[in-house]
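**Q**
Number of protein chains: 2
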Amino acid sequence: MKKPRAKNTDIAFRSGCPIATTLDLVGDRWSLVIVRDMIVGKAKFGDFLASPERIPTNILAARLKRMEAAGLVAKRTYQINPARYAYRLSDKGMALLPVLQNMCRWANAYVPGTWTPPESFMAPRV
Amino acid sequence: MKKPRAKNTDIAFRSGCPIATTLDLVGDRWSLVIVRDMIVGKAKFGDFLASPERIPTNILAARLKRMEAAGLVAKRTYQINPARYAYRLSDKGMALLPVLQNMCRWANAYVPGTWTPPESFMAPRV
DNA sequence: TCTGTCACTTGCATTTTACAAGGCACCTGT
DNA sequence: ACAGGTGCCTTGTAAAATGCAAGTGACAGA
C-alpha cells in the first residue's frame, strides 16, 4: 500500500515543542520574508516579487497557498476575471512581528553590514 | 565552464535585510532546534539525536559543521581517539534566545497543544 | 491589432532532506 | 580473549523542495 503523497500545503508537526512547531509552520527560506513584506504594507503578488531577495514565482505561489491554509494570511479579491488578490496577514500572522523584530536585533548586533530597519517596524504594537 | 559546487558550510546572503540574513544563517528546519537544545544544556551528538524531533544523523553533522563555520557554535574536544566533541553556543549563538522565546510565545498563543516551556527558558538573561 | 502587464502555472535540472546502513575506536561483561 | 554494545559519525540512495526559464489567459493602452 502506497503512502499518500503529502501536498505542499500539508504540514506535519515533529513535536509539541513551540519552537519546533513554529519552524514547521514558517521555518523555511521564504515564509518570514513574505510576512515581513506584508507587515510593511505589501499586498500583491508583484509586490512580493519586487523585493530584493528575488523569490521565484512558483515558490511565492506555493507559500501564499500554504500560509493561507495555515491561517496566517487572508486574501481579498480586488478584481474578477482575471482573478486578482490582495493578501494580508491575519492576527495570527501579524503576531509573528516580535519574532521578526528580534531577528533584526540579532542580525544588526552580530552580522556586520545588515540594514537598520525603519523605526516603525521595530516599534512595539499596542 | 561548470559552476564550482558550493560546500554545505557556505552561505549566500540574499540581501542586507536583517531578517533575510538571519534566515540565510538559521532559517531551515533544524538549526534553531539545535540552538534550543544547546540552550537547555545539551552538548553531545547523541544528546541532540535524542530530542523528540528526531533529527537525521547526517543533517545533524552538517548543521553542527555549518553553525561552527558561522561562529554560532564552538566545540571542545573531550576525548581523543576517537575524537569526541562537546558543542556549546558562542555569545552570538546564545543571543538568538529572544528569537526562540518569542517563537514560544507565538506558538503557545496561536497553536493549540504546544508545550509550555520551562520558566528558566523564558526568563530574560541579564 | 499589437504590445505590454499582472498573476500565476508548468517543466525540468539542481539541491536538500530523509532514511537506512555501515564503520571505527573504544568499553564492558564473561 | 573475545563478543557484543556504545558513541559519533559517514555513505548510499530515494524522495522532496527549490530555482530557473518559459508559457498562459485575461485584459488595458497605443
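Protein sequences appear in the order of chains A and B.
Residue 1271 is where the first sequence starts when you use the working numbering, and the numbers rise one by one after that.
Residue 1271 is where the second sequence starts when you use the working numbering, and the numbers rise one by one after that.
From the three backbone atoms N, C-alpha and C, an ideal C-beta is built for every residue, glycine too.
Source: prediction; values computed, not measured.
1. Near R1275/A, what residues of its chain come up, given a Cβ to Cβ distance below 7 Å and the 5 sequence neighbours on each side ignored?
2. Mind pulling the chain B residues with CB within less than 8 Å of L1370/A?
3. Candidates P1382/A, A1379/A, Q1371/A and Y1380/A: which alpha carbon is nearest P1394/A's?
4. Any beta carbon of chain B sitting closer than 9 Å to that of A1377/A?
5. Just tell me which of V1369/A, C1374/A, K1335/A and R1299/A has its CA closest to the CA of E1323/A.
6. Give the residues of chain B in contact with D1280/A, contact being defined as C-beta atoms less than 7 Å apart.
7. What do you reckon, are the CB atoms on L1363/B and G1341/B nearer than 9 Å?
8. At 8 Å on the CB atoms, spell out the chain B contacts of K1362/A, in chain order.
9. Closest by CA to C1280/A, which one among A1332/A, L1367/A and I1304/A?
10. Based on DSSP bridge pairs, tell me the residues matched to Y1355/B.
11. Is K1272/A helix, strand or coil when you go by DSSP?
12. So, at 8 Å on beta carbons, what are the nonlocal neighbours of L1330/B in its own chain, with the 5 sequence-adjacent residues on each side left out?
13. Residues of chain B with CB closer than 9 Å to the CB of P1326/A, please, in chain order.
**A** So, to answer that:
1. For R1275/A, the pLDDT reaches just 42, beneath the cut-off of 50, and the residue's location in the model is therefore unreliable, leaving the point undetermined.
2. Annotation: Cβ neighbours of L1370/A in chain B (cutoff 8 Å, chain order): I1289.
3. Its Cα nearest to that of P1394/A, the residue Q1371/A stands out among P1382/A, A1379/A, Q1371/A and Y1380/A.
4. Output row for A1377/A: interface = yes.
5. The shortest Cα separation from E1323/A among V1369/A, C1374/A, K1335/A and R1299/A belongs to R1299/A.
6. Per Cβ cutoff of 7 Å: no residues; D1280/A is ~15 Å from chain B at best.
7. The sequence as given places Gly at residue 1363/B; Leu does not occur at that position. Contact: yes.
8. Taking a Cβ-Cβ cut-off of 8 Å, the neighbours of K1362/A in chain B comprise Y1380, given in sequence order.
9. The amino acid at residue 1280/A is misidentified as Cys; the sequence shows Asp. Comparing Cα positions, the closest option is A1332/A.
10. Answer by DSSP bridge pairing, in chain order: T1347/B.
11. With a pLDDT of 34 at K1272/A, under the threshold of 50, the predicted position of this residue should be treated as unreliable, though the coordinate-derived value follows. Looking at K1272/A - three-state DSSP - the assignment turns out to be coil, as it is neither helix nor strand.
12. Taking L1330/B as the centre and dropping the five residues before and after it, the same chain places the C-beta of W1300, I1304, F1315, F1318 and L1319 closer than 8 Å to its C-beta, in chain order.
13. Simply none; closest approach about 12 Å.
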